[in-house]
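Protein chains: 2
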Amino acid sequence: MPISGFPEWLPRQRMIEQYVLDKIRSTFELYGFAPLETRAVEPLETLLSKGETSKEVYLLRRLQEDPAAGGGDDQLGLHFDLTVPFARFVLENSGKLQFPFRRYQIQKVWRGERPQEGRYREFLQADIDVVDRDSLPFHYDTEMPLVIGDAFRSLPIPRATILVNNRKVCEGFYRGLGLEDPEQVLRMVDKLDKIGPEKVAALLVETAGATDAQAAACLRLAEISATDGSFVDAVRALGVDNPLLDEGLEELLRVVEAAAEHAPGLIRAELKIARGLDYYTGTVYETQLEGYERFGSICSGGRYENLASSGNERFPGVGISIGVSRMLGLLFGHDALTISRSVPTCVVVALPNEDLRGRCDRIAQSLRSRGISTEVAPTAAKFGKQIRFAERRGVPFVWFPGADGEPDTIKDIRSGEQVEADAASWAPPDADRNPLISAG
Amino acid sequence: MPISGFPEWLPRQRMIEQYVLDKIRSTFELYGFAPLETRAVEPLETLLSKGETSKEVYLLRRLQEDPAAGGGDDQLGLHFDLTVPFARFVLENSGKLQFPFRRYQIQKVWRGERPQEGRYREFLQADIDVVDRDSLPFHYDTEMPLVIGDAFRSLPIPRATILVNNRKVCEGFYRGLGLEDPEQVLRMVDKLDKIGPEKVAALLVETAGATDAQAAACLRLAEISATDGSFVDAVRALGVDNPLLDEGLEELLRVVEAAAEHAPGLIRAELKIARGLDYYTGTVYETQLEGYERFGSICSGGRYENLASSGNERFPGVGISIGVSRMLGLLFGHDALTISRSVPTCVVVALPNEDLRGRCDRIAQSLRSRGISTEVAPTAAKFGKQIRFAERRGVPFVWFPGADGEPDTIKDIRSGEQVEADAASWAPPDADRNPLISAG
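Residue numbers (the numbering used here), protein chains in the order written: chain A, 4 to 443; chain B, 4 to 443.
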């Protein structure tokens, strides 16, 4: 039986997923990110080092283990993201890595959350991060969205917009207003989309010590949204002055301007983006897919001044994570991605009779040796049945071995066109070589 | 800290692993196997349906769950192989699949076993299986080793030999000898490599009701080994007669002969191969890597007459599984695989000063747009330091933007050769485009 929150794709969907992952991976590699895969488990204490996600952890125990002996220091749990394991890996292997260290990581993660559309208990993430010792130049913050923009543009999916903000803008603005607990303000502002501005204003007054005027100013900041540098003037017009605010505005401007040059329309400065529960310290990213905005971000991240630390060593980082299962779950659910066949097979070799299997296998082998995915028919059924075998899978071509010295022929079963062919040289049109994936 | 049994590769090793997986996957796809990925968890009762592996299962519970409420029907565990989840998936989706269904599945599995060299608690397997309704033609048994042979030949690893046997040969032979419990005989013969023939003979007498002569005959059968059809005469010479034996010999001969034509030297009929604990009913496969024979099989499988069943529906299958982590763990442990660099990056663009970052980014983008992995130097350090940045990662080329209208140049930092280059057209030699992976 299906288990709620643990999605499984049919092979035709898995082929789409692999295509998506191949494109994402090759984009990451073009930017020089090296691959990393960490173990699925971490000690519980590592997982709990970020307190607030503790409720979502799956713990492990061996079936034959004495439950009474369980727990304790060496208790293991499944990782719930790829950032915590990455930080642990960097600390553990810092002597073997070259810094700045750019890595990508594409893996399943697990969270014991209540499942809902596009939210799973087991899901696939594709992360990139850059981490360095002591300090990390800011230009990496401008690079992250460009990589993601390139990856998304290589896919047959709706247009993605990366929403970007900077914690320093918010914190500097709140402090400039005279609010003493900027984190609490941020947490309340983070609820804007869920509960609306009036309730947020009330909460700011109740829980963050804001006056009505301060609360209104926070809401006006959150309303600012621009695809170019005009957000700077809009913030300035609110009349708040603070050095951290200045720093944040300058950083945010650099991210917006770099994207405007590289990929016009990719980025929007959106000053309500808070990512309240995450420990970002500067730039933050979220990503909306056109037509799927209501389902929330499908790709998020930001800058951590302290991704990992140990004693005197400190490793700042910046990263972003594509929620692959989340994105595909939404697109599959709305029939927004299609594939031309349910198997990799390009050619089915028809089998005239079982005695000719050896010859058919040699034909198949010859095609495979030139990169053409080929299957020989399972049995020497009537040719009509063998053609239906191919048809039901969307395989475009059926190969017929010639009888009595006649040449072989190949039939395009979509058009019915049948021509002579030599297994040593025939090749399909490029568009038919691999399954074709397109927007639904 | 590292956790025993949960290996993690450094990025340079992960690049080798990905190369290996890409080659395996593309071979699988050339044969028309469609990809499948199942969830990591199964209900405990599904995992226990094959009783004997129960001791190895990792169970899951949510951290916030009441332990007293745990257990029961809906208890989940991590899968310990890919066959049990595949069988469950086939039953669950039989109405949506086309049979015979050929799938490959490349995933992590988990077992709570005691770790040792090449044996892990978390490891990666790459499986292919063919499954059909009611009955599955035998020719798929001959195909499995050919696919694996092609996959291994595409890799820079020691020569692999696939050892093959057939349970019907053993069972028919034992029954023909007059032994009533062929499964018990098989389990004892399976211990040959560990405890030697004398102790196996004694165990056959003690636990399987064999006479000394019967035990000796079983051992003589187990000694038979041949790379061609001569094993048939060798078995016949033992003078045992049984219809199941005849059937098994004919099947085994077909596997050996198909491989002899397709890939001479790939297969050896090895009549001691038993795979005692697995529920195979005909052909069985194991694989040895030259020089690593003592570590056991790195790729195993066989035929199940009853891979899955439900009510009147029965799904026979045949499959084989590459132990990817096991194989790579051994090869990494013996420095038998090397890679030319620790990053995908082919070119580092040197940064003369921070003001030129935009120009350097455009050079990088131009190279990337033609598939050349490129990074811009992290800071405008002295050029010597920037060259060392590339050198330490094994990156072959450094790009120097020309000053004051001079043309750009590119330097091969291995040879020192430096030539004029245009970012719109320059390309590396094919051998340098991607990291080069070779036998160590």
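We put the beta carbon where it would ideally sit given N, CA and C, even for glycine.
Between the alpha carbons of residue 163/B and residue 330/B lies a distance of about 11 angstroms. Put simply, the CB of residue 40/A is near chain B, with a gap under 7 angstroms to one of its CB atoms. Of the other Cβ atoms in all chains shown, 16 or more fall within 10 Å of the Cβ of residue 40/A; this residue is therefore buried. Residue 161/B and residue 293/B do touch by the CB rule: their CB atoms are close to 4 angstroms apart, below 8 angstroms. The beta carbon of residue 61/A sits closer than 7 angstroms to some beta carbon of chain B. Against chain B, a Cβ distance below 7 angstroms from residue 382/A picks out 140. Counting only Cβ-Cβ distances below 8 angstroms, residue 99/A has contacts in chain B at 13, in chain order. Under a criterion of Cβ atoms nearer than 8 angstroms, the residues of chain B adjacent to residue 348/A are, in order, 35.
The beta carbon of residue 117/A sits no closer than 7 angstroms to any beta carbon of chain B. Rounded to whole angstroms, the gap between the alpha carbons of residue 440/B and residue 197/B is 35 angstroms. CA-to-CA, the gap between residue 345/A and residue 28/B works out to about 16 angstroms. Inter-residue distance for residue 361/B and residue 104/A is about 21 angstroms (C-alpha atoms, whole angstroms). Apart from the 5 residues on each side of it in sequence, residue 371/A sits with its Cβ closer than 8 angstroms to the Cβ of 377 in its chain, given in chain order.
DSSP places residue 395/B in the uninterrupted alpha helix (DSSP H) bounded by 386–396.
Ranked by how close their Cα comes to the Cα of residue 106/A, the residues 327/A, 45/A, 321/A have 321/A in first place.
Cβ neighbours of residue 119/B within its own chain (closer than 7 angstroms, five residues either side excluded): none. Using a Cβ distance threshold of 7 angstroms, residue 304/B and residue 323/B count as a contacting pair. Following the DSSP letters along the chain, one finds residue 173/B inside the alpha helix (DSSP H) bounded by residues 170–180. One thing to note: residue 266/B has its Cβ within 7 angstroms of the Cβ of residue 152/B. Pairing residue 269/A with residue 261/A gives a Cβ-Cβ distance that is not under 7 angstroms.
Within the same chain, and ignoring the five residues on either side of residue 144/A in sequence, the residues whose Cβ sits closer than 8 angstroms to its Cβ are 254, 257, 258, 285, 286, 306, 321.
Neighbourhood of residue 92/A in chain B, by CB distance below 9 angstroms: 11, in chain order. When secondary structure is reduced to three states using DSSP, residue 341/A falls in the strand class.
Taking C-beta separations shorter than 6 angstroms and ignoring five residues to either side along the sequence, the partners of residue 91/A in its chain run 49, following chain order. Nearest CB-CB separation between residue 103/B and chain A: below the 7 angstroms threshold. Looking at the backbone, the Cα of residue 398/A and that of residue 182/B are separated by about 50 angstroms. Residues of chain B whose Cβ lies closer than 7 angstroms to the Cβ of residue 222/A do not exist, since the nearest Cβ in that chain is about 34 angstroms away. Close CB contacts of residue 176/B within its chain, under the 6 angstroms cut and outside five residues either way in sequence, are with 224, 243, 248 (chain order). Looking from the CA of residue 404/B, the closest CA among 363/B, 438/B, 431/B belongs to 363/B. Nearest in C-alpha terms to residue 298/A, of all of 342/A, 122/A, 309/A, is 122/A.
Contact between residue 416/B and residue 393/B holds: their C-beta atoms lie close to 6 angstroms from each other, under 8 angstroms. When the beta-carbon positions are compared, residue 438/B and residue 342/B come within less than 7 angstroms of each other. Under a criterion of Cβ atoms nearer than 8 angstroms, no residue of chain B is adjacent to residue 48/A; the nearest Cβ is some 11 angstroms distant. Per DSSP, the continuous beta strand (DSSP E) segment holding residue 46/B begins and ends at 44–46.
Comparing alpha-carbon positions, the option among 98/A, 62/A, 132/A, 89/A lying closest to residue 114/A turns out to be 62/A. The Cβ of residue 21/B sits closer than 7 angstroms to at least one Cβ of chain A.
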